[in-house]
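Quick note on the working numbering: the sequence shown kicks off at -6 and runs consecutively.
All C-beta atoms in this analysis are idealised placements derived from N, C-alpha and C, irrespective of residue type, glycine included.
One structure below.
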Amino acid sequence: MHLNSDVLLRVEGLKKVFRSGTSELQVFENLSFQVAQGEMVAIVGESGAGKSTLLHIVGTLDGPTAGDVYCASLRLSSLSEDRAAQFRNHEIGFMWQFHYLLPEFTALENVAMPLLVRGFFRQAAEKQASEWLRAVGLAERAQHRSGELSGGEQQRVALARALITQPKLLLADEPTGDLDSHTADGVFALLARLHRDCQLTSLIATHNFAFARRCDRVLRLQNGRIAEVAPEGLPA
Ligand SMILES: Nc1ncnc2c1ncn2[C@@H]1O[C@H](COP(=O)(O)OP(=O)(O)O)[C@@H](O)[C@H]1O
Ligand SMILES: [Mg+2]
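Here it is in structure tokens:
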């Protein structure tokens, strides 16, 4: 199949059904869309629409019931567990509504963690981690335990941890959903700046239409289908 060279992510005919016992829940079917290298794409939709499910599948944390996801030319469902883990560690940065930092570890140690997982020596990992903490405006917080930081600071640390591996693709699931609106503005602005500076391709699930409007494109999940909507057409 012809693949436009600047398409980074291609979702084709994606379907997800959750089964428990005899009951089945079809979250979505026949989702198809492409995301070009460098785009910042918002995924909007009501609670339960399937935004997290979609991001989990794109991030190889869950598998589809049918359909495929391609990142560059890699077909994600063809990867073994090991290769999928390697793909996540090398190509994907994740940011969640709840930061999942290790509260007893310092900000620096949390940010360094993905490099330690890769086998870096501690000193080299922490040197890069301190540069990333500076990039998110938290240089002076490096030695604070993450449990002592504010919600906004924790999300900045989580963003630094997501980007230290220099991923191609950033998947952010309601990254400002747990923050007050002023703090959320700061975290979103930081995310948008690093998206540009790091030449990322980003998929951001959000309830916040003001943030969605600042993305290049908006995809809305509704009734199990996905549709592109004009950012300026979103309700104020
Ligand atoms: N692991 C799971 N098992 C069963 N149902 C699930 C699971 N994860 C999500 N769901 C259901 O799938 C639907 C979509 O959920 P989700 O992707 O979390 O939506 P959103 O992130 O848009 O709020 C919801 O009805 C949710 O209850
Ligand atoms: Mg969700």
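Buried or exposed (CB count within 10 angstroms, at least 16 for buried), residue i
{"i": "F21", "result": "buried"}
{"i": "A35", "result": "buried"}
{"i": "V37", "result": "buried"}
{"i": "E167", "result": "buried"}
{"i": "G41", "result": "exposed"}
{"i": "H175", "result": "exposed"}
{"i": "L163", "result": "buried"}
{"i": "H188", "result": "buried"}
{"i": "V62", "result": "buried"}
{"i": "A229", "result": "exposed"}
{"i": "P96", "result": "exposed"}
{"i": "V28", "result": "buried"}
{"i": "A220", "result": "exposed"}
{"i": "G56", "result": "exposed"}
{"i": "A177", "result": "buried"}
Close beta carbons around residue i, own chain, < 6 Å, minus the five adjacent residues each side
{"i": "A165", "result": "M88 and I197"}
{"i": "F181", "result": "T169 and F204"}
{"i": "P224", "result": "R206 and V211"}
{"i": "L109", "result": "A118"}
{"i": "G60", "result": "E5, G6, L7 and K8"}
{"i": "V10", "result": "E17, Q19 and T58"}
{"i": "M(-6)", "result": "Unreliable positioning characterises M(-6) in this predicted model, as indicated by a pLDDT of 41, which lies under 50. The coordinate reading is nonetheless provided below. Nothing listed; no residue qualifies."}
Neighbourhood of residue i by C-beta distance below 7 Å, restricted to the same chain and skipping five residues each side
{"i": "D171", "result": "Q90, F91 and G144"}
{"i": "L94", "result": "N103, S139, Q147, V150 and A151"}
{"i": "R81", "result": "G52 and T53"}
{"i": "L131", "result": "A100, E146, R149 and V150"}
{"i": "M106", "result": "R154"}
{"i": "A270", "result": "The structure shown does not extend to residue 270, since the chain is modelled only from -6 through 229, so no value can be given for it."}
{"i": "L48", "result": "L164, D166, L196 and A198"}
{"i": "R68", "result": "D61"}
{"i": "V222", "result": "V211 and R213"}
Proximal residues to residue i (C-beta, below 8 Å), its chain only, five neighbours per side dropped
{"i": "L183", "result": "V129, G130, R149 and L152"}
Pick from the options that is closest to residue i, judged by C-alpha positions
{"i": "T194", "options": "E124, M33, G14 and V10", "result": "M33"}
{"i": "I50", "options": "E97, G14, H83 and L2", "result": "L2"}
{"i": "G226", "options": "S123, G179, R213 and Q19", "result": "R213"}
{"i": "P160", "options": "S70, C64 and S25", "result": "C64"}
{"i": "Q215", "options": "E141, C208 and G43", "result": "G43"}
{"i": "H200", "options": "S45, L24, L156 and D75", "result": "S45"}
{"i": "D(-1)", "options": "G31, G14, L24 and S25", "result": "G31"}
{"i": "E84", "options": "C191, F202 and R218", "result": "C191"}
(Q) Quick check for students: name the residue ranges of the alpha helix (DSSP H) that lie wholly in the region 76 to 135, counting only runs of 4 or more. (A) 100 to 110 and 115 to 128
Q: Mind listing which residues have their beta carbon within less than 5 Å of any non-hydrogen atom of ligand 1? Chain order is fine.
A: F11, V20, S40, G41, A42, G43, K44, S45 and T46
**Q.** Every unbroken alpha helix (DSSP H) within the region 130 to 196, with a cutoff of 4 residues, ordered by chain
**A.** 144 to 156 and 174 to 190
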